[in-house]
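Data block below; observations after.
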Amino acid sequence: MRIFVAGPIGDTNPQDVIDRNVAIADEVGRDLLHMGHQVFIPHTMTYNWQKDMRLTRDQILELDKSFIVHWAEALYRIPGHSIGAEGEVALARALGLPIFYNWQEILDL
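Under the working numbering, the first residue of the sequence shown carries the number 2, and numbering increases by one thereafter.
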């Protein structure tokens, strides 16, 4: 299954919080890949883009959403407050994609 990983990054947080959130998303993505799924982890793709003043947060979120619309078959939501991730969940829900909040839900497929 092609799974989009959604969760907090925290572009307004201290760098150590951002680094931890990216590391968590990366670990989740690797675990899903190990389980036999294909994954898209926007955190790892856009990690350094947060510092590029030519790109807006909205541009990055629109890119993320395009992967949900055109690629994803499901979404995995990492816990933690994130307005962007909640928007991604809402989009996935509107598209009728399954949304997973823990490993057991995926293992039970």
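Virtual Cβ for every residue (Gly too), placed ideally from N, Cα, C.
- Whole angstroms is fine: what's the gap from ARG3's alpha carbon to PRO15's? Position 2 of the sequence shown holds residue 3. Position 14 of the sequence shown holds residue 15. The alpha-carbon atoms of ARG3 and PRO15 are separated by roughly 31 Å.
- Below 8 Å CB to CB, which residues in the same chain sit around PHE68 once its five sequence neighbours on both sides are set aside? Position 67 of the sequence shown, counting from 1, holds the residue named residue 68. Cβ within range, chain order: PHE5, PHE41, PRO43.
- Could you check which residue in ILE61, ILE100, VAL18 has the C-alpha nearest to that of GLY85? Translated into the one-based positions of the sequence shown, residue 85 becomes position 84. Nearest option by C-alpha distance: ILE61.
- Task: For ASP59, count neighbouring C-beta atoms within 10 Å of its own C-beta (all shown protein chains included) and say buried if the count is 16 or more, exposed if not.
- Result: Against the sequence shown, residue 59 aligns to sequence position 58. Counting Cβ neighbours within 10 Å, ASP59 comes out exposed, since fewer than 16 surround it.
- Query: In the segment 11-46, which residue ranges form an unbroken alpha helix (DSSP H) of at least 4 residues, counting only runs that do not cross its ends?
  - Reply: 16-35
- Message: I'd like to check one pair, ALA91 with ILE100: are the Cβ atoms closer than 7 Å?
- Response: Here residue 100 is taken as the residue at index 99 of the sequence shown, counted from 1. Here residue 91 is taken as the residue at index 90 of the sequence shown, counted from 1. For ILE100 and ALA91, no; Cβs fall outside 7 Å.
- Item | Inter-residue spacing [alpha-carbon to alpha-carbon] between HIS71 and ALA95 | On the sequence shown, residue 71 is found 70 positions in, with the first residue counted as 1. On the sequence shown, residue 95 is found 94 positions in, with the first residue counted as 1. Between HIS71 and ALA95, the C-alpha separation is close to 14 Å.
- Message: If you follow the beta strand (DSSP E) that ALA7 is in, where does it begin and where does it stop?
- Response: For the purposes of this step, residue 7 is taken as the residue at position 6 of the sequence shown. Here the beta strand (DSSP E) through ALA7 covers 3-7.
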